[in-house]
Amino acid sequence: MENKEIARILYETADLMEIAGEDGFRIRSYRNGASAVEGYPERVDAILKDPSRRVTDIPGIGKGLAFALGEVVARGSCERRDELLQKYPASVLDFLKIQGLGPKSIAMLLEHYRICTIDELERLCLEQKLRALPRMGAKLEEKVLRSIAQYRKSAGRFLLSFADRTAQELAAYLAEGGGVESVTPAGSLRRGKETVGDLDLLVTGLGAAVALERFVTHPKAADILGRGENKASVRFGHEGLQVDVRALPAESHGAALQYFTGSKEHNVALRNRAVRMGFKLSEYGLFRISDESKVAGETEEGVYEALGLRWIPPELRENQGEIEAAAEGALPRLVELSDIRGDVHMHTTETDGRASLEEMAHAARAQGYEYVAITDHSKVMAMMNGLDETRVIAFARRVREINSGLTPLGDGEDLGIRVFSGLECDILKDGTLDIAWDALAELDWVIGSVHSHMNMEAAEMTDRLLRALECPHLRILGHPTGRLLLHRDPFPFDFERVAAEAVKRGVWFEINASPERLDLNSTLARTAKAMGGKFVISTDAHHPKHLANMRYGVAMARRAWLGPEDILNTRTADGFAAAIRRQIPIEGCS
DNA sequence: GCCGTTTTCGGCCCGACTGTTTTCAGTCG
């Protein structure tokens, strides 16, 4: 059993314990343990099997959780979880995803109404029965109904990162069967869309039929939706992502890849173009209508070329001008992962990160970066131990010493990477920043982010952001729309007005590469670019492994037609340092 | 439930807001 799966079961147990009203510290220990297992570099099931090893050596795992881990690995559950599932059906865990309902309210609902599904919860709200319970009223009913709508909207969709991991796992598995030349993900995953509905994998090679057979017998193939000679469909894993695997002859691989990559709109436009040119385009190839002879199909490049087009990067295939640009040879040179030279938004154990500055810097160096900016939270994030002015100033000083080599770090060697002192400073409700300007002035790099009061009216939120932009130390708007994919919509504001002001003041936009955010999205980023905006792509990493999420941010930037010249952290360390130096005179600095 | 250790149990877990009340429990980040 993989660590992630073990962790999921522990998290679920913690959620159930919370509904059951158990001790908060114990629940916290379960979550800590889950998180420790999830991030542990070795497989926990292997450690459990090895008599010379102890799982209690993993920080956060003590005697109690060690026993639970043994049970989970052996039989997929543990005693405490079993007990709780006697009391509450697993479906109530979905209630925790509804905004406005916490464990206490859910426990009360279960006690009074014995509901187990979201549908039943919705009915209670519509029948105005929530308000019969203490401390619940009409506003809560409305909020819950809104949140149920959001929940339904996101059902059946999956994060890009999740689809990507599944695709990689399956590609490796299918290749093991032998005789497989290539396994290529198509569809919205290949286009780098932030969420995907299902996963399309194209398999070529003599062993493709064997691969299909291996696919439907995969241990995580939960439900076989169909299987034929050339295609099989499966609902995969407990998450239920639908995966289609198609076996293709090599001669039509390019046409099939093109066809199954989409988007639908792009393909419709492309087929129309083909017809105008006397061709017919399908997943089997490009054919001349007059004599049905095949013109192209082996490669995607060949298909596009025969249609008088440059090859179009999948991220652009949305029928938003890419076909015209390809015809004119005017496709942009898109930013690539290898263009990125530094990651400039990350957290450490000073606040809610899981690793120290040194560990994050080493991990960033391992990514091949020239520089990092460490950007912990500011003080309003009290639960995360956010930095106040004193700590901000001390941190800035420490980074200056690190960079000048005055402070040899723990292991004696220097970091081998340039560090910028940064802060992810909260933009408070009134638009002021959480940290005094003179303390911000000590830092190299200030990100302004909204983390609270996201339900303001659009006009109010616009004012709030405009006010934040007045701070001369602010260099960048972090995750500018606040969305959490499949979970929370962007907060409303007048983007163009804020973007115009940001451009005027030389404040940039973050493309936050965290798979849950991917914020700005490609549409807004493209708008901002048209207005003269500049960007950074950064991961908001809370753990060294999150640094690898950069590619999702790059995908978003590519979907927005951005090139390396639009992205500030494609510059060298010196170039970046020069770019972030303040250019606007300080007026009325507090 | 974990951790650290004063080796046997106490500390861990903040602060603001919301909606419902009429003084605060519950949610959220």
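Each residue of the first sequence is one higher than the one before, starting from 63 at the first, in my numbering.
For every residue, glycine included, the Cβ atom is placed at its ideal position computed from N, Cα and C.
Subject >> Rounded separation between residue 168 and residue 228 - CA only >> reply: Numbered from 1 along the first sequence, position 106 holds the residue referred to as residue 168. Numbered from 1 along the first sequence, position 166 holds the residue referred to as residue 228. In this model, residue 168 and residue 228 are separated by some 33 Å (Cα to Cα).
Original post:
Excluding five sequence neighbours on each side, which residues of the same chain lie with their C-beta closer than 7 Å to the C-beta of residue 200?
Top reply: Looking up residue 200 in the first sequence gives position 138. The beta carbon of residue 200 sits closer than 7 Å to the beta carbons of 193 from its chain, once the five residues preceding and following it are set aside; these are given in chain order.
Subject >> Straight-line Cα distance separating residue 421 from residue 103 >> reply: As a first step, residue 103 must be located in the first sequence, where it is residue number 41. As a first step, residue 421 must be located in the first sequence, where it is residue number 359. C-alpha separation (whole angstroms): 14 Å.
Original post:
Over what stretch of residues does the alpha helix (DSSP H) that includes residue 707 continue unbroken?
Top reply: Outside the displayed span of the chain (63 to 652) sits residue 707, for which this structure offers no information.
Subject >> Length of the line joining the Cα atoms of residue 583 and residue 162 >> reply: Position 521 of the first sequence, counting from 1, holds the residue named residue 583. Position 100 of the first sequence, counting from 1, holds the residue named residue 162. Roughly 26 Å between the two C-alpha positions.
Subject >> C-alpha distance - residue 77 paired with residue 224, whole-angstrom precision >> reply: As a position in the first sequence, residue 77 is number 15, starting the count at 1. As a position in the first sequence, residue 224 is number 162, starting the count at 1. Approximately 22 Å, taken between the alpha carbons.
Original post:
Quick one, which of 441, 542, 296, 382 has its alpha-carbon nearest residue 326's?
Top reply: Position 264 of the first sequence, counted from the start, is the residue given in the question as residue 326. When each option's Cα is compared against that of residue 326, the closest is 382.
Subject >> Length of the line joining the Cα atoms of residue 248 and residue 478 >> reply: On the first sequence, residue 248 is found 186 positions in, with the first residue counted as 1. On the first sequence, residue 478 is found 416 positions in, with the first residue counted as 1. Rounded to the nearest angstrom, the two C-alpha atoms are 39 Å apart.
**OP:** Compare the Cα-Cα distances from residue 184 to each of 602, 204, 195 and report the closest residue.
**Re:** The residue given as residue 184 occupies position 122 in the first sequence. Of the listed residues, the one whose Cα sits closest to residue 184 is 204.
Original post:
Do you know offhand how far residue 384's Cα is from residue 310's?
Top reply: Here residue 384 is taken as the residue at index 322 of the first sequence, counted from 1. Here residue 310 is taken as the residue at index 248 of the first sequence, counted from 1. Here the alpha carbon of residue 384 sits roughly 27 Å from the alpha carbon of residue 310.
**OP:** Give every residue of the same chain whose Cβ lies closer than 6 Å to the Cβ of residue 461, excluding the five residues on either side of it in the sequence, and list them in chain order.
**Re:** Here residue 461 refers to the residue found at position 399 of the first sequence. These residues qualify, in order along the chain: 481, 483.
Subject >> Own chain, CB closer than 8 Å to residue 517, minus 5 neighbours either side, in chain order >> reply: The count along the first sequence starts at 1 and reaches residue 517 at position 455. So the list reads 553, once near-sequence residues are dropped.
**OP:** Pick helix, strand or coil for residue 646, following the three-state DSSP scheme.
**Re:** Taking the first sequence and counting its residues from 1, one reaches residue 646 at position 584. Only weak support exists for where residue 646 lies, its pLDDT of 48 falling under 50; the coordinates are left without a value.
**OP:** Output the distance between the C-alpha atoms of residue 395 and residue 143, rounded to the nearest integer angstrom.
**Re:** Sequence index remark: in the first sequence, residue 395 carries index 333 (1-based). Sequence index remark: in the first sequence, residue 143 carries index 81 (1-based). Rounded to the nearest angstrom, the two C-alpha atoms are 53 Å apart.
Original post:
Cα separation between residue 166 and residue 92?
Top reply: Position 104 of the first sequence holds residue 166. Position 30 of the first sequence holds residue 92. A direct Cα-Cα distance of roughly 19 Å separates residue 166 from residue 92.
Original post:
When the Cα atoms are used, what is the spatial distance from residue 345 to residue 295?
Top reply: Counting from 1 along the first sequence, the entry for residue 345 is found at position 283. Counting from 1 along the first sequence, the entry for residue 295 is found at position 233. A straight-line Cα-Cα distance of about 18 Å links residue 345 and residue 295.
Original post:
Under the three-state reduction of DSSP, which class applies to residue 120: helix, strand or coil?
Top reply: Position 58 of the first sequence, counted from the start, is the residue given in the question as residue 120. The answer is coil: DSSP assigns residue 120 none of H, G, I, E or B.
**OP:** Evaluate residue 265 with the Cβ neighbour count: other Cβ atoms within 10 Å of its Cβ, from every protein chain shown; 16 or more gives buried, anything less gives exposed.
**Re:** Taking the first residue of the first sequence as 1, we reach residue 265 at position 203. That one is buried.
Original post:
Is DSSP giving residue 76 helix, strand or coil here?
Top reply: Counting from one through the first sequence, the residue named residue 76 turns up at place 14. Helix, per DSSP.
Original post:
Can you tell me the Cα-Cα spacing of residue 522 and residue 449, whole angstroms?
Top reply: For the purposes of this step, residue 522 is taken as residue 460 along the first sequence, with counting starting at 1. For the purposes of this step, residue 449 is taken as residue 387 along the first sequence, with counting starting at 1. So the two alpha carbons sit approximately 27 Å from each other.
**OP:** Ignore the nearest five residues each way along the sequence and tell me which others in residue 373's own chain have a CB closer than 7 Å to its CB.
**Re:** As a first step, residue 373 is located in the first sequence; it is residue number 311 there, counting from the start. Counting only Cβ-Cβ distances below 7 Å, and skipping sequence neighbours, we find 362, 363, 366.
Original post:
With DSSP run on the structure shown, which of helix, strand or coil describes residue 574?
Top reply: Working through the first sequence from its first residue, we reach residue 574 at position 512. Looking at residue 574 - three-state DSSP - the assignment turns out to be strand.
Original post:
Can the beta-carbon of residue 440 be found closer than 8 Å to that of residue 485?
Top reply: Within the first sequence, residue 440 is the residue found at index 378, counting from 1. Within the first sequence, residue 485 is the residue found at index 423, counting from 1. Between residue 440 and residue 485, the CB-CB gap stays under 8 Å.
Subject >> Segments assigned beta strand (DSSP E), at least 3 residues, entirely inside the segment 251-276 >> reply: If one requires a minimum length of 3 residues, the beta strand (DSSP E) runs lying completely within the segment 251-276 are 260-266, in chain order.
Subject >> Selection from 612, 257, 308 that minimises the alpha carbon distance to residue 407 >> reply: Residue 407 sits at position 345 when you count from the first residue of the first sequence. When each option's Cα is compared against that of residue 407, the closest is 612.
**OP:** Taking residue 572 and residue 547 to be in contact with their CB atoms under 8 Å, please state how far apart those CB atoms are, rounded to whole angstroms.
**Re:** Taking the first sequence and counting its residues from 1, the one referred to as residue 572 is at position 510. Taking the first sequence and counting its residues from 1, the one referred to as residue 547 is at position 485. The pair is not a contact, with the Cβ atoms about 16 Å apart (cut-off 8 Å).
Original post:
Leaving out five residues before and five after residue 412 in sequence, what residues of the same chain have Cβ atoms less than 6 Å from its Cβ?
Top reply: Counting from one through the first sequence, the residue named residue 412 turns up at place 350. For residue 412, the CB contacts under 6 Å within the same chain, skipping 5 residues up- and downstream, are 438 in chain order.
**OP:** Less than 8 Å between the CB atoms is what I'm expecting for residue 276 and residue 236, so what's the real figure, rounded?
**Re:** Sequence index remark: in the first sequence, residue 276 carries index 214 (1-based). Sequence index remark: in the first sequence, residue 236 carries index 174 (1-based). Correct: roughly 6 Å between the Cβ atoms.
Original post:
Of the choices 172, 599, 82, whose alpha-carbon is the least far from that of residue 401?
Top reply: By 1-based counting over the first sequence, the position of residue 401 is 339. Looking from the CA of residue 401, the closest CA among 172, 599, 82 belongs to 599.
Subject >> residue 433 - containing beta strand (DSSP E), residue span >> reply: The count along the first sequence starts at 1 and reaches residue 433 at position 371. For residue 433, the enclosing beta strand (DSSP E) begins and ends at 433-439.
Subject >> Rounded Cβ spacing between residue 117 and residue 106 (contact assumed at less than 8 Å) >> reply: Counting from one through the first sequence, the residue named residue 117 turns up at place 55. Counting from one through the first sequence, the residue named residue 106 turns up at place 44. Going by Cβ atoms, the distance from residue 117 to residue 106 rounds to 6 Å, so yes, they are a contact pair.
Original post:
What are the start and end residues of each continuous alpha helix (DSSP H) run of 4 or more residues lying completely inside the segment 471-533, in chain order?
Top reply: You should have 499-502, 520-531.
Original post:
Using the C-alpha atoms, what's the distance from residue 128 back to residue 74?
Top reply: Taking the first sequence and counting its residues from 1, one reaches residue 74 at position 12. Taking the first sequence and counting its residues from 1, one reaches residue 128 at position 66. Taken atom to atom, the span from the alpha-carbon of residue 74 to that of residue 128 is near 17 Å.
Original post:
Candidates 63, 145, 119: which alpha carbon is nearest residue 108's?
Top reply: Residue mapping note: residue 108 aligns to position 46 of the first sequence, counting from 1. Looking only at 63, 145, 119, the smallest Cα-Cα distance to residue 108 is reached by 63.
Subject >> Contact belief for residue 306 with residue 262 at Cβ below 8 Å, rounded distance in angstroms >> reply: Start at 1 with the first residue of the first sequence, and residue 306 comes out as number 244. Start at 1 with the first residue of the first sequence, and residue 262 comes out as number 200. That pair is a contact at about 5 Å.
Original post:
Which one of 315, 544, 499 has the shortest CA to CA distance from residue 532?
Top reply: Here residue 532 is taken as the residue at index 470 of the first sequence, counted from 1. Comparing Cα-Cα distances from residue 532 to each of 315, 544, 499, the minimum goes to 499.
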